[in-house]
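Colleague:
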Amino acid sequence: MKKRLLLASFTLITAAYGLSGCYNDNIEELYPAGGAGCDTVNITFAAKIAPILNGNCTSSGCHSGSAPAGGYNLTTYQGAKAAVDNNRLIGSITHASGFSPMPKNLPKLPDCDIQKITIWVNHGAPNN
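Going by this note's numbering, the sequence shown opens with residue 51, and the numbers climb by one from there.
1) In angstroms, rounded to a whole number, what distance separates the CA positions of Thr94 and Gly141?
2) If you pair each beta-carbon of the stretch 122 to 139 with each one of the stretch 94 to 104, do three or more pairs fall below 8 Å?
3) By how many angstroms is the C-alpha of Val91 removed from the C-alpha of Tyr122?
4) Less than 8 Å separating the beta-carbons of Ala175 and Val134?
5) Asn155: buried (16+ other C-beta within 10 angstroms of its C-beta) or exposed?
6) Please determine, among Leu57, Leu139, Ala117, the residue with the shortest C-alpha to C-alpha distance to Leu159.
7) Measure the beta-carbon distance from Ile143 to Ile169 and round it to whole angstroms, keeping in mind my assumption that it falls under 8 Å.
8) So for Thr108, helix, strand or coil by DSSP?
9) Compute the beta-carbon to beta-carbon distance between Pro153 and Cys107, rounded to the nearest angstrom, for a pair I have assumed lies under 8 Å.
10) Quick check on Ala146: does DSSP put it in helix, strand or coil?
11) Return the Cβ separation of Thr125 and Ser114 in integer angstroms, given the expectation that the two are a contact with Cβ distance under 8 Å.
12) Given this structure, state the Cα-to-Cα distance separating Ala146 from Asn172, to the nearest angstrom.
13) For the alpha helix (DSSP H) that Asp163 lies in, which residues bound it at each end?
Structure follows, in structure tokens:
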């Protein structure tokens, strides 16, 4: 009887140990499309938002200088905040109906950039 109990216990422990190593990885979760994924941690205007705006909105001269398009000079926090406060920024970069799609005559910004800007706006568009 003791031998059977010991053998059953050993079998049960071995099976439990063997099954604990089993898992099912989802390839999409391990390797998301677009490489390393989108870093949306610690979104600040200076570190994350300004570089997106400068690279896509101001470098061509559209939203910079003394006569910026739409009246939004996006080279400064104040200009970006004005676009946020007038509810123009998100609608334009997502190419939403009723908004002038930006960047003009170009595809939408990458989803990651749109996500970063949206998070920043949803947090009150702080000057940080």
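The C-beta atom is built at its ideal place from N, Cα and C for all residues, glycine as well.
Modeller: Well, looking at it:
1) Straight-line Cα distance between these residues: approximately 20 Å.
2) yes
3) 27 Å
4) yes
5) exposed
6) Leu139
7) The pair is not a contact, with the Cβ atoms about 13 Å apart (cut-off 8 Å).
8) helix
9) 7 Å
10) coil
11) Taking the Cβ atoms as the reference, Thr125 lies roughly 5 Å from Ser114, within the contact range of under 8 Å.
12) Their Cα atoms are separated by approximately 17 Å.
13) 161 to 172
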